[in-house]
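Peer 1: I'd like to ask some things about the structure below.
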Amino acid sequence: MAKPDNDSLFEAPPMAEQERMVEAILFATADPVSVTELTGRMPHGCDPAEALAHVRKRYAGRGVHLIRIGDAWAFRTAGDLGFLMQKETVETRKLSRAAIETLAIVAYHQPATRAEIEEIRGVSVSRGTVDQLIEMEWVRIGRRRMTPGRPVTFVVTQEFLDHFGLENARDLPGLKELRSAGLLENRPPPGASQLAGADDDEDDDDDDQVEMFEE
Amino acid sequence: MAKPDNDSLFEAPPMAEQERMVEAILFATADPVSVTELTGRMPHGCDPAEALAHVRKRYAGRGVHLIRIGDAWAFRTAGDLGFLMQKETVETRKLSRAAIETLAIVAYHQPATRAEIEEIRGVSVSRGTVDQLIEMEWVRIGRRRMTPGRPVTFVVTQEFLDHFGLENARDLPGLKELRSAGLLENRPPPGASQLAGADDDEDDDDDDQVEMFEE
Amino acid sequence: MTTDQFQEDTQSVSERVAAEALIVDVGAFEGPLDLLLMLSRTQKVDLRQISILALAEQYLAFVEQAKTLRLELAADYLVMAAWLAFLKSRLLLPPDPTEEGPSGAELAAHLAFQLERLEAMRNAAAKLMARDQLGRDFFTRGITEDVQRVRRVTYTATLLDLMQGYARIRTKDDFRPFTMDREAVMTMEQSLSRMRHLIGFAGEWTDIVSYLPEGWDLDPVKRRSATAANFAASLELAKEGKIEIRQGEVFSAIQIRKREPRDG
């Protein structure tokens, strides 16, 4: 097939050809590729979204799957074949319990401030814990909360979704149940605004934080 | 599908399953994989050679091919899709002032030698400037001047005329037209020209200059 | 209270060992909330039905034990103990309508919520980590091909650029700030090159004024410039030995003629 030309404005390559292109582009890289990037790289007039749907179907049940991560796509080996891949297994740094819990809190509550993480865990979060997650590129800094003090928030990244095989953060296991049980709410301690005595020492900052959210 | 077990010595996984394994291993391994290595990594009783043949067939005509490198196998982008692995960014820049002036002199005075260009511009013309114009195919080398040193001359090309929508170089507007189009500023030279007064005199002056350069 | 069981003087060796173990245990807790969650599990009920009063008593007993064993408890454990003691009194005493602040039941409900939420997040974290993970259970492409970034620069210009460029060159002199008016000024160099051509024909003594270029003798400004240039050029040519130069008397005409080679 001749090299498609960007000038061929009105004639996109046939869908079978577009599928081949999507395969080639996604096979060539380890990182997920967004639909936007596919559009940019494929000849003018192509419809990567449709081609992706076809390719996904084609690879269903194969040793390699097409998976979606946010608005990007990547080929990944089927999970049940991991046992063949001892050689490829990368030893990930063992995460501390604090780091794992912090990660989960960020994922389920995102965007989450440090104060919120601390309130849920009941202990202060060491700087190193969040730094480690950021360094692993599983967590990144999101927008600042539009509350007094404008605290930074943390959100999970595309790498996080990719690592855990999640299409998006809504696919987190048990998310719906947790939400309907009200466990993802930011429920302020009763009487938070009037706490002045001995009982607020435990999580002084948290109380302040919650007050902020109430505004 | 149940995880195949290395202990199932006497029952190899079905061929379809072996194909999936070959796919996954070849996909994930950083180097081409030999049949020996496949045999070592796949469950006992598998026939990687046959599985490879099936996989090769399956990927024939796809965006990635199974290819043989020595006695090892690997997936590779289909040759005709190599262009997708290049991301071409076209940047359009304005020609430099030096290049435009050089081009203008060639166009108005062609055939023009380098020495003539330099005399008119009043500065030396870098080799790169002329080379750039030649590379753009707006200027080409004309006949040598039949003067001592037999210097090469430069003339404008058909591409140049096409780009600027000119039928030939004589269509370029003359100085008078440039002036009436407001392109030549009528800024009176400091000093005595006020004595001379009329515009016509200035025109004459220009003509004189042209004569002077033509000598 | 059970504190009498832990009198120091009656402690057996095994009790001491148990106390050591407790020290380790305290270190294993991530703060009072974590400890409370562990204690609540001993109630063996759904966290939603947990008795906060019983939990408060368990916690206070734990802290009491630690004190008896002279274990150093971090400040936040003691703060929690104080808070739970306060909560306990609120829960036990009938509500006092004149008392400000949240009721004991409200405080207890919030603590229960905190415990349930912490446990939920722990379970979620466990589920997350139990998922297939990239690089452990599923894998990316091993042989990657980098996308080559090819940068192509095209240059462009318009006819306007071209004409403006040409106009700029041709009018360059106008913009040179200190350039003399070339219209009315003749330079020595111009005069010199002109006279070199003419001098070959000057066998006879000729007035220097007659060498003025055509037209330059009409405008006084031009004439002055050209005369001066011619004079300077004549001196230059005389110096080169090309011409001879003479002036009869002050202010009279300056005359030049070609110098014959044989005179040299």
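Residue numbers (the numbering used here), protein chains in the order written: chain A, 1 to 215; chain B, 1001 to 1215; chain C, 2001 to 2264.
Note that beta-carbon positions come from the ideal geometry of N, C-alpha and C, so glycine has one too.
Here the structure is a predicted model, which is why all the values come from computation and not from measurement.
(1) In chain B, which residues lie less than 8 Å from residue 216 (chain A) when you measure between Cβ atoms?
(2) List the residues of chain A whose Cβ lies closer than 7 Å to the Cβ of residue 2129 (chain C), in chain order.
(3) Could you tell me the alpha carbon to alpha carbon distance between residue 1087 (chain B) and residue 1015 (chain B), rounded to whole angstroms?
(4) With a threshold of 6 Å on Cβ separation, who are the neighbours of residue 12 (chain A) within its own chain once the five nearest residues in sequence on each side are excluded?
(5) Scan the stretch 34-52 of chain A for residues whose Cβ lies nearer than 8 Å to a Cβ of chain B and list them as they occur along the chain.
(6) Would you mind sorting residue 2074 (chain C) into buried or exposed? The rule is 16 or more other CB atoms within 10 Å of its CB.
(7) Strictly below 8 Å CB to CB, what residues from chain B border residue 66 (chain A)?
(8) Fully enclosed by the stretch 2043-2091 of chain C, which alpha helix (DSSP H) runs are 4 residues long or longer?
(9) Less than 8 Å between the CB atoms is what I'm expecting for residue 2062 (chain C) and residue 2039 (chain C), so what's the real figure, rounded?
(10) Give every residue of the same chain whose Cβ lies closer than 8 Å to the Cβ of residue 1059 (chain B), excluding the five residues on either side of it in the sequence, and list them in chain order.
(11) My output table needs one value for residue 142 (chain A): the three-state DSSP class, helix, strand or coil.
(12) Please identify the residue among A:94, A:85, A:151 whose C-alpha is closest to the C-alpha of residue 1025 (chain B).
(13) Closest by CA to residue 1042 (chain B), which one among B:1069, B:1158, B:1023?
(14) Helix, strand or coil, according to DSSP, for residue 58 (chain A) in the structure here?
(15) Which chain B residues sit within Cβ distance under 9 Å of residue 164 (chain A)?
(16) Taking the alpha carbon of residue 1070 (chain B) as the reference point, which residue from B:1031, B:1140, B:1139, B:1144 has its own alpha carbon closest?
(17) Please report the straight-line C-alpha distance between residue 1137 (chain B) and residue 1161 (chain B), rounded to a whole angstrom.
(18) Which of helix, strand or coil does DSSP assign to residue 74 (chain A)?
(19) In whole angstroms, give me the CA-to-CA distance for residue 2146 (chain C) and residue 29 (chain A).
(20) Which class does residue 1217 (chain B) belong to by DSSP, given the choice of helix, strand or coil?
(21) Between which two residues does the beta strand (DSSP E) carrying residue 2245 (chain C) extend?
(22) Are there 16 or more other CB atoms within 10 angstroms of the CB of residue 1168 (chain B), so buried, or fewer, so exposed?
(23) Which residues in chain B sit within 7 Å of residue 88 (chain A), going by Cβ to Cβ distance?
(24) Show which residues of chain A have a CB atom less than 8 Å away from the CB atom of residue 2033 (chain C).
(25) For a contact defined as C-beta to C-beta under 8 Å, what are the partners of residue 1011 (chain B) on chain A?
(26) Hey, residue 106 (chain A) and residue 156 (chain A): beta-carbon distance below 8 Å or not?
(27) Out of C:2185, C:2233, C:2193, C:2097, point me to the one whose CA is closest to residue 2208 (chain C)'s CA.
(28) So is residue 2171 (chain C) in contact with chain A if we call contact Cβ pairs under 8 Å?
(29) Cβ of residue 2145 (chain C) less than 8 Å from any chain B Cβ?
(30) Can you check whether the CB of residue 1125 (chain B) is closer than 8 Å to the CB of residue 1117 (chain B)?
(31) Quick check: what's the CA-CA separation for residue 188 (chain A) versus residue 79 (chain A)?
(32) Which residues bound the beta strand (DSSP E) around residue 2155 (chain C)?
(33) Check whether the stretch 2099-2114 of chain C touches the stretch 2050-2064 of chain C, counting contact only when three or more Cβ pairs, one atom from each stretch, lie closer than 8 Å.
(34) On the DSSP bridge list, what partners appear for residue 2254 (chain C)?
(35) Can you name the residues of chain B whose CB is closer than 8 Å to the CB of residue 2211 (chain C)?
(36) Does the beta-carbon of residue 1158 (chain B) have 16 or more other beta-carbons within 10 angstroms, so that it is buried, or is it exposed?
Peer 2: Walking through what the data contain:
(1) Residue 216 (chain A) lies beyond the residue range present for chain A, which begins at 1 and ends at 215; the question has no answer from this structure.
(2) Mapped onto the third sequence, residue 2129 (chain C) falls at position 129. Those are 100, listed as they occur along chain A.
(3) Locating residue 1087 (chain B) in the second sequence gives position 87, counting from the first residue. Locating residue 1015 (chain B) in the second sequence gives position 15, counting from the first residue. Approximately 39 Å, taken between the alpha carbons.
(4) Residue 12 (chain A) sits at position 12 when you count from the first residue of the first sequence. The answer, listed in chain order, is 45, 46.
(5) 40, 41, 42
(6) Here residue 2074 (chain C) corresponds to residue number 74 of the third sequence, with the count starting at 1. Exposed: under 16 other Cβ atoms inside 10 Å.
(7) Counted from its first residue, the first sequence places residue 66 (chain A) at position 66. Ordered by position in chain B, no residue passes the 8 Å Cβ test against residue 66 (chain A), which lies about 12 Å from the chain.
(8) 2052-2068
(9) Here residue 2062 (chain C) is taken as the residue at index 62 of the third sequence, counted from 1. Here residue 2039 (chain C) is taken as the residue at index 39 of the third sequence, counted from 1. So it is a contact: roughly 7 Å between Cβ atoms.
(10) Numbered from 1 along the second sequence, position 59 holds the residue referred to as residue 1059 (chain B). Excluding residues within five positions, the ones whose Cβ falls inside 8 Å are 1065, 1066, 1075.
(11) Residue mapping note: residue 142 (chain A) aligns to position 142 of the first sequence, counting from 1. In the structure shown, residue 142 (chain A) sits in a strand (DSSP, three-state: E or B).
(12) Here residue 1025 (chain B) refers to the residue found at position 25 of the second sequence. Of the candidates A:94, A:85, A:151, the one whose C-alpha sits nearest the C-alpha of residue 1025 (chain B) is A:85.
(13) On the second sequence, position 42 is the one that residue 1042 (chain B) refers to. Ranking the options by Cα distance to residue 1042 (chain B), first place goes to B:1023.
(14) As a position in the first sequence, residue 58 (chain A) is number 58, starting the count at 1. Residue 58 (chain A) falls in the helix class under three-state DSSP.
(15) The sequence position of residue 164 (chain A) within the first sequence is 164, counting from 1. Residues of chain B passing the Cβ test: none, with the nearest at roughly 18 Å.
(16) Taking the first residue of the second sequence as 1, we reach residue 1070 (chain B) at position 70. For the residues B:1031, B:1140, B:1139, B:1144, the minimum Cα distance to residue 1070 (chain B) belongs to B:1031.
(17) By 1-based counting over the second sequence, the position of residue 1137 (chain B) is 137. By 1-based counting over the second sequence, the position of residue 1161 (chain B) is 161. Looking at the two C-alpha atoms, the distance is approximately 11 Å.
(18) Taking the first sequence and counting its residues from 1, one reaches residue 74 (chain A) at position 74. Note: residue 74 (chain A) maps to strand in three-state DSSP.
(19) Residue numbering aside, residue 2146 (chain C) sits at position 146 when the third sequence is read from its first letter. Residue numbering aside, residue 29 (chain A) sits at position 29 when the first sequence is read from its first letter. Computed Cα separation, rounded: 7 Å.
(20) In this structure chain B extends from 1001 to 1215, so residue 1217 (chain B) is not present and cannot be described.
(21) For the purposes of this step, residue 2245 (chain C) is taken as residue 245 along the third sequence, with counting starting at 1. Residue 2245 (chain C) -> beta strand (DSSP E) spans 2243-2247.
(22) For the purposes of this step, residue 1168 (chain B) is taken as residue 168 along the second sequence, with counting starting at 1. With fewer than 16 other Cβ atoms within 10 Å, it is exposed.
(23) Mapped onto the first sequence, residue 88 (chain A) falls at position 88. Chain B residues near residue 88 (chain A): 1028, 1029.
(24) Position 33 of the third sequence, counted from the first residue, corresponds to residue 2033 (chain C). What residue 2033 (chain C) touches in chain A: 121, 122, 123.
(25) Residue mapping note: residue 1011 (chain B) aligns to position 11 of the second sequence, counting from 1. None at all; the shortest Cβ gap to chain A is about 17 Å.
(26) Position 106 of the first sequence, counted from the first residue, corresponds to residue 106 (chain A). Position 156 of the first sequence, counted from the first residue, corresponds to residue 156 (chain A). Taking 8 Å as the Cβ cut-off, residue 106 (chain A) and residue 156 (chain A) qualify as a contacting pair.
(27) Walking along the third sequence from the start, residue 2208 (chain C) turns up at place 208. When only C-alpha atoms are compared, the closest one is C:2233.
(28) As a first step, residue 2171 (chain C) must be located in the third sequence, where it is residue number 171. Taking Cβ atoms only, chain A never reaches closer than 8 Å to residue 2171 (chain C), which makes this a no.
(29) Numbered from 1 along the third sequence, position 145 holds the residue referred to as residue 2145 (chain C). By this cut-off, residue 2145 (chain C) is an interface position.
(30) Walking along the second sequence from the start, residue 1117 (chain B) turns up at place 117. Walking along the second sequence from the start, residue 1125 (chain B) turns up at place 125. Result yes, Cβ atoms of residue 1117 (chain B) and residue 1125 (chain B) sit closer than 8 Å.
(31) Against the first sequence, residue 188 (chain A) aligns to sequence position 188. Against the first sequence, residue 79 (chain A) aligns to sequence position 79. About 41 Å.
(32) Here residue 2155 (chain C) refers to the residue found at position 155 of the third sequence. From DSSP, the beta strand (DSSP E) with residue 2155 (chain C) extends over 2148-2156.
(33) yes
(34) Sequence index remark: in the third sequence, residue 2254 (chain C) carries index 254 (1-based). C:2247.
(35) Residue 2211 (chain C) sits at position 211 when you count from the first residue of the third sequence. Going along chain B, no residue has its Cβ under 8 Å from residue 2211 (chain C), so there is no contact; the nearest lies around 19 Å.
(36) By one-based count along the second sequence, residue 1158 (chain B) stands at place 158. Exposed, because fewer than 16 other Cβ atoms sit within 10 Å of the Cβ of residue 1158 (chain B).
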